[in-house]
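S.K.: To get our numbering, take the position in the sequence shown, counting from 1, and add 18.
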Amino acid sequence: MTTRRAIRGRLLSFKGDPAEVGAAASHTLIEDGALVVEDGRIAARGEARDLLGRLPAGTPVDDHTGCLILPGLIDTHIHFPQTQVIASYGAQLLDWLQKYTFVEEQRFKDPAHAARIARFFLDELLRNGTTTAVVYGSVHPESADALFAESERRGTRMIAGKVMMDRGAPAGLLDTAERGYAESKGLIERWHGRGRQLYAISPRFAVTSSDAQLEAAGALLAEHPDCYLQTHLSENHDEIATVRRLFPWAKSYTDVYDRFGLLRPRSIFGHCIHLDEPELERLSASRSVAAFCPTSNLFLGSGLFDLAALRDPRRPVRVGLATDVGGGTSYSMLRTAAEAYKVLQLRGQHWPALDAFYAMTLGNARALGLEHAIGSLEPGSEADLVVLDARATPAMAHRMETIAGDLAEELFVLLMLGDDRAVRATYVMGEPARGV
Ligand code: GUN
Ligand code: ZN
19 MTTRRAIRGR LLSFKGDPAE VGAAASHTLI EDGALVVEDG RIAARGEARD
69 LLGRLPAGTP VDDHTGCLIL PGLIDTHIHF PQTQVIASYG AQLLDWLQKY
119 TFVEEQRFKD PAHAARIARF FLDELLRNGT TTAVVYGSVH PESADALFAE
169 SERRGTRMIA GKVMMDRGAP AGLLDTAERG YAESKGLIER WHGRGRQLYA
219 ISPRFAVTSS DAQLEAAGAL LAEHPDCYLQ THLSENHDEI ATVRRLFPWA
269 KSYTDVYDRF GLLRPRSIFG HCIHLDEPEL ERLSASRSVA AFCPTSNLFL
319 GSGLFDLAAL RDPRRPVRVG LATDVGGGTS YSMLRTAAEA YKVLQLRGQH
369 WPALDAFYAM TLGNARALGL EHAIGSLEPG SEADLVVLDA RATPAMAHRM
419 ETIAGDLAEE LFVLLMLGDD RAVRATYVMG EPARGV
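(1) Does the Cβ-Cβ distance between residue 308 and residue 339 come in under 7 Å?
(2) Indicate whether residue 385 and residue 336 have their beta-carbon atoms separated by less than 7 Å.
(3) Beta-carbon distances below 5 Å to any heavy atom of the ligand ATP define the shell here; list its residues in chain order, please.
(4) Quick one, which of 439, 69, 243 and 83 has its alpha-carbon nearest residue 353's?
(5) In its own chain, which residues sit with a C-beta less than 7 Å from the C-beta of residue 279, not counting the 5 before and 5 after it?
(6) Check whether the Cβ of residue 11 sits closer than 6 Å to any heavy atom of the ligand GUN, and report yes or no.
(7) What does the Cβ neighbour count give for residue 26, buried or exposed, with the cut at 16 atoms within 10 Å?
(8) Work out the CA separation of residue 263 and residue 174 for me, nearest whole Å.
(9) Would the beta-carbon of residue 26 be found less than 6 Å away from any heavy atom of the ligand GUN?
(10) Verify whether the separation of the beta carbon atoms of residue 120 and residue 188 is less than 7 Å.
(11) From residue 214 to residue 170, what distance separates their C-alpha atoms?
(12) Assign residue 349 to one of three DSSP states: helix, strand, or coil.
(13) Considering only heavy atoms of the ligand GUN, does any lie closer than 6 Å to the CB of residue 456?
(14) Excluding five sequence neighbours on each side, which residues of the same chain lie with their C-beta closer than 8 Å to the C-beta of residue 297?
(15) Three Cβ pairs or more, each shorter than 8 Å: is that satisfied between the stretch 96 to 116 and the stretch 398 to 416?
(16) Verify the contact flag: residue 139, CB atom, against every heavy atom of the ligand GUN, threshold strictly below 6 Å.
(17) Could you check whether the Cβ of residue 222 sits closer than 6 Å to any heavy atom belonging to the ligand GUN?
(18) Comparing alpha-carbon positions, which option in 145, 157 and 98 lies nearest residue 165?
(19) Specify, as a first and last residue, the run of the alpha helix (DSSP H) that residue 338 falls within.
(20) Does residue 246 come out as helix, strand or coil in the three-state DSSP assignment?
(21) Does the Cβ-Cβ distance between residue 224 and residue 248 come in under 7 Å?
(22) Would you kindly report the start and end of the unbroken alpha helix (DSSP H) that includes residue 376?
(23) For residue 165, which three-state DSSP category applies?
(24) Between which two residues does the alpha helix (DSSP H) containing residue 316 stretch?
(25) Relative to the C-alpha of residue 210, which candidate in 197, 177 and 195 has its C-alpha closest?
(26) Between which two residues does the beta strand (DSSP E) harbouring residue 32 extend?
(27) Can you find at least 3 beta carbon pairs, one from the stretch 54 to 68 and one from the stretch 107 to 118, that sit closer than 8 Å?
(28) Cα separation between residue 319 and residue 134?
(29) According to DSSP, is residue 119 part of a helix, a strand, or is it coil?
(30) Could you have a look at residue 304 and say whether DSSP puts it in helix, strand or coil?
(31) Go to residue 325, then tell me how far its alpha helix (DSSP H) extends in each direction, as first and last residue.
(32) Within the present structure, is the beta-carbon of residue 5 separated from the nearest heavy atom of the ligand GUN by less than 6 Å?
(33) Could you please give the first and the last residue of the uninterrupted alpha helix (DSSP H) stretch that includes residue 287?
(34) Report all residues from its chain with a CB closer than 6 Å to the CB of residue 393; omit the five preceding and five following residues, and keep chain order.
(35) When the distance is taken between beta carbons, is residue 433 closer than 7 Å to residue 358?
(36) Taking Cβ to Cβ, would you say residue 281 is nearer than 7 Å to residue 306?
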């Protein structure tokens, strides 16, 4: 039997990057629209007056008239073992890792703890309208098992992996090149492509992986070319100096990963703040993805991401947007995009609200090569949705009094003033998410 539901509201979906195709051609908006969802997928999209009258008797209709309905938001870089590290005072990257993060992550050896935090983590993502994320676990395979099991239970599409790290951290957080390889391989066999779950091979960063471990990560990737790879790259000056010391043979930080075969279209490099021209050329040529993590880059004092330099049309680098909790300070992709806007202001770069909403939806889906499945409201897509209310708070409603039907202005208000309070509902495969 088919499970069917209709969802009514203002349907906003992107078809292209506004920076490439222009604002008008980038999106479709149906002011009084409806989606018909069947068995978790969008079966039809159109005017409410056309679609609702044709529904089989008894089909439930969720009425969100006045609110915007978008594809579920996508976060391309976040750490699930850092929900109790977020908002830890006073340190930059390497000290922050040692003082807070590497202490906390040791608790994930305990599967009961990992399961409890996985429940909190997915509740919090869904409360913020995020339906897909690219997630780092701790070094313990139990952490990735816990996250995938909870994601499977809720039917969300998650890309995740246990981190590989064999040096530069407390003994309780270290694997070895061989063990990291074997445990990651076991997780790939258990989870990659099971329902909506996908695996990301996750050497944490060059500072905590030996040559042998990066080589093992490259071998795993070669054996499982449809898996993702995630790591950190060029976030902080002390980090970069450490990488130079640890890999004297490398031309650059990027070159370390390149030599081990880690640069590919499904490779996501967090931060990418302080790259030189040859590094940008290699990221571009390999079609690798840079994850822009504005709240984290500000919080840890790492630097200002240079979007225009990355997207230079002579050698464009693909870019995703990400929270990077717990270096990042918010689970909300709205807050994250607002901070991205401010970082780009400091760089003298323009980032209209349409570009920001594209980035959080179709842009991030394209960065992950998943635009056939998520990131738009095209019929056939998986029905992950977020319902946003630009009048959610008194200050937002007050500001909205001055807006006469201008979509770009409304989106900008949502961006600058919105957060989890603006999320009216989140749907996963056409069903209202539990815990929202
Ligand atoms: N580099 C290596 N590990 C981490 C981490 O957990 N957070 C951030 N922001 N950078 C890292
Ligand atoms: Zn990170």
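Each residue gets a CB set at the ideal place from its N, CA and C atoms; glycine is no exception.
M.R.: By the coordinates alone:
(1) Taking 7 Å as the cut-off, the Cβ atoms of residue 308 and residue 339 do not count as close.
(2) yes
(3) Judged by which ligands are present, the ligand ATP is missing from the structure shown, whose ligands are the ligand GUN and the ligand ZN.
(4) 439
(5) 236, 239 and 240
(6) No statement about residue 11 is possible, as the shown extent of the chain runs from 19 to 454 and does not include it.
(7) buried
(8) 41 Å
(9) With a threshold of 6 Å, the Cβ atom of residue 26 does not count as near the ligand GUN, since no heavy atom of the ligand is closer than that.
(10) Yes. Within cutoff.
(11) Straight-line Cα distance between these residues: approximately 7 Å.
(12) Under the three-state reduction of DSSP output, residue 349 falls in the coil class, being neither helix nor strand.
(13) Nothing can be reported for residue 456, as the shown portion of the chain is limited to 19 through 454.
(14) 252, 270, 271, 272 and 273
(15) no
(16) Residue 139: no, Cβ never under 6 Å from the ligand GUN.
(17) yes
(18) 98
(19) That residue, residue 338, is in no alpha helix (DSSP H); its beta strand (DSSP E) goes 336 to 339.
(20) For residue 246, the secondary structure class from DSSP, reduced to helix, strand or coil, is strand.
(21) It is not a contact, given that the beta carbons lie outside the stated cut-off.
(22) 371 to 376
(23) helix
(24) 312 to 317
(25) Here the closest residue by C-alpha is 177.
(26) 22 to 32
(27) Taking 8 Å as the limit for Cβ pairs, the verdict is that the stretch 107 to 118 does not touch the stretch 54 to 68.
(28) 31 Å
(29) Helix at residue 119.
(30) coil
(31) 325 to 328
(32) This structure does not reach residue 5, given that the chain is present from 19 up to 454, and the question cannot be answered.
(33) Judged by DSSP secondary structure, residue 287 falls outside any alpha helix (DSSP H) and instead within the beta strand (DSSP E) spanning 285 to 289.
(34) Cβ-Cβ distances below 6 Å link residue 393 to 89, 379, 380 and 383 in the same chain, with the five nearest sequence neighbours on each side left out; the list follows chain order.
(35) no
(36) yes
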